[in-house]
């Protein structure tokens, strides 16, 4: 079984701790967390926690539903393409609804498709003038999954 969240991992650790206590082998919560981490292939609890807390971007593929922000505008959409680009991924996303990427009242620039580089955490290395990543992407659960 693959863990989906930190809460799920903590619940497994709590169950392990309870089971061992019933068998006469009490352990601390921290030890239970470490054991759960190792059972799921992580070096330690901190590594597993970081893995579960990070946006799940491994396995991005065409037609996958995503959400995020592009130039300060929230969006939902689907991956059109994804390619490896050095330490980043180049993604192209077809938006469910166009977003206006211009903040001026006098004109607009509506985008139906956006593309850019993202790191493993789903954030682009390029930033806007206020220091926010130009593109932030998160996977959405598949409908019916």
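Residue numbers (the UniProt record's numbering): 1 to 145.
Quick reminder that beta carbons are idealized off the backbone N, C-alpha and C, glycines included.
**Q.** Alpha carbon of residue 27 to alpha carbon of residue 20, nearest angstrom
**A.** 7 angstroms
Q) At which residues does the beta strand (DSSP E) containing residue 127 begin and terminate? A) From DSSP, residue 127 is part of no beta strand (DSSP E); its letter is neither H nor E.
Q) Candidates 108, 91, 42: which alpha carbon is nearest residue 64's? A) Comparing Cα-Cα distances from residue 64 to each of 108, 91, 42, the minimum goes to 91.
Q. Considering residue 36, what are the terminal residues of the alpha helix (DSSP H) in which it resides?
A. 29-39
Q) How big is the Cα-Cα spacing for residue 9 and residue 3? A) 7 angstroms
(Q) Tell me which residues share the same chain as residue 45 and place their Cβ nearer than 7 angstroms to its Cβ, disregarding the 5 neighbours each side in the sequence. (A) 33, 34, 37
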